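See below for the structure under consideration.
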Amino acid sequence: MKTVAITGASAGVGRATAHAFARRGANVALLARDPRPVAPVYAPEVAADAIVHTARRPCRERCVGWSSLTAIVANGITPGCFDRDLAHTAVRGQQRSEPAVAVLAAGLAAARKWNR
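Taking this note's numbering as reference, the numbering of the sequence shown is continuous, increasing by one, and the terminal residue is 1322.
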């Protein structure tokens, strides 16, 4: 099974990307600054036991059950980082006959490759 880590997963593009990978059967690790909306906990005792079990283990052992990552979608790691590059690309793209490639295209290409 493939595993994908997605940043900025609480809303917008990150959330939509997370849903898309989950629908395709991926293990999805969600990373976000805003913890809401939080899914309801149907069995709080089970969740509490898992948290205690994880907290008592060394950090190296916490990810042993996971497969290696297939992809990282860095949607929210550095907000605004690509704005300047995207602005320059968009301006150059309007001055050329061929279309410019937007930063978001990389995420869309990863989602397309997922089905292959």
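Each residue gets a CB set at the ideal place from its N, CA and C atoms; glycine is no exception. If you're wondering where the values come from, they're calculated on a predicted model, not measured in any experiment.
In the structure shown, the three-state DSSP call for A1226 is helix. Closest in alpha carbon position to R1239, among A1222, R1262, F1227, A1215, is A1215.
Going by beta carbons, G1218 and I1212 fall outside the 8 angstroms limit.
For a cut-off of 8 angstroms, the C-beta gap from A1226 to T1209 is around 15 angstroms, too long to register as a contact. Excluding residues up to 5 positions away in sequence, nothing lies with its Cβ nearer than 6 angstroms to the Cβ of R1229 in the same chain.
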